[in-house]
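Taking it in order: structure first as structure tokens, then the write-up.
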């Protein structure tokens, strides 16, 4: 199993075990819940892989870190749990990948892991135009995975 698939499996398992994972908590409480979830994901992934792939700064010129970077697979994985919202980290995460490419990294895939509603939200024309442009211009496959 590749690392991205393993990470998705870990995230799905943790989401299933997290009470009220899918409920909207709002600022403050939601930020705390996300931080706690991500701390657990990083620990579980590190235990599973035996290597820490999290919070990697793959662009030397910017101080941006991606949630997970699997260099052997040339894959960035971003946990964008609020991707279903109109104001989400979608554009910022894409820009982080573009900065990494500009710094010389080879990225083939960008995977967003989110809560339900993200796929529908980003099936709209603007998001589709951006992901199509990434594919055509940079050969980056963009995928959204929703945690059930």
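Residue numbers (this note's numbering): 5 to 152.
Ideal Cβ placement from N, Cα and C applies to all residues, glycine included.
Helix, strand or coil for residue i? Go by DSSP, reduced to three states.
| i | result |
| --- | --- |
| residue 135 | helix |
| residue 28 | coil |
What number of angstroms, rounded off, separates the C-alpha of residue i from the C-alpha of residue j?
| i | j | result |
| --- | --- | --- |
| residue 121 | residue 145 | 20 angstroms |
| residue 109 | residue 66 | 13 angstroms |
| residue 61 | residue 114 | 15 angstroms |
| residue 10 | residue 129 | 31 angstroms |
| residue 26 | residue 49 | 21 angstroms |
| residue 22 | residue 141 | 39 angstroms |
| residue 53 | residue 6 | 11 angstroms |
| residue 1 | residue 88 | Because residue 1 is not part of the residues shown, which for the chain are 5 to 152, the question remains open. |
Since residue i and residue j are thought to touch, with beta carbons under 8 angstroms apart, how far apart are those beta carbons, to the nearest angstrom?
| i | j | result |
| --- | --- | --- |
| residue 131 | residue 94 | 7 angstroms |
| residue 112 | residue 79 | 7 angstroms |
Name the residue from the options whose alpha carbon lies nearest to the alpha carbon of residue i.
| i | options | result |
| --- | --- | --- |
| residue 151 | 8, 16, 7 and 5 | 16 |
| residue 83 | 59, 112, 135 and 33 | 59 |
| residue 8 | 75, 18, 39 and 43 | 75 |
Would you say residue i reaches chain D, if we count a Cβ-Cβ gap shorter than 8 angstroms as a contact?
| i | result |
| --- | --- |
| residue 90 | In the structure shown, chain D does not exist; there is a single protein chain. |
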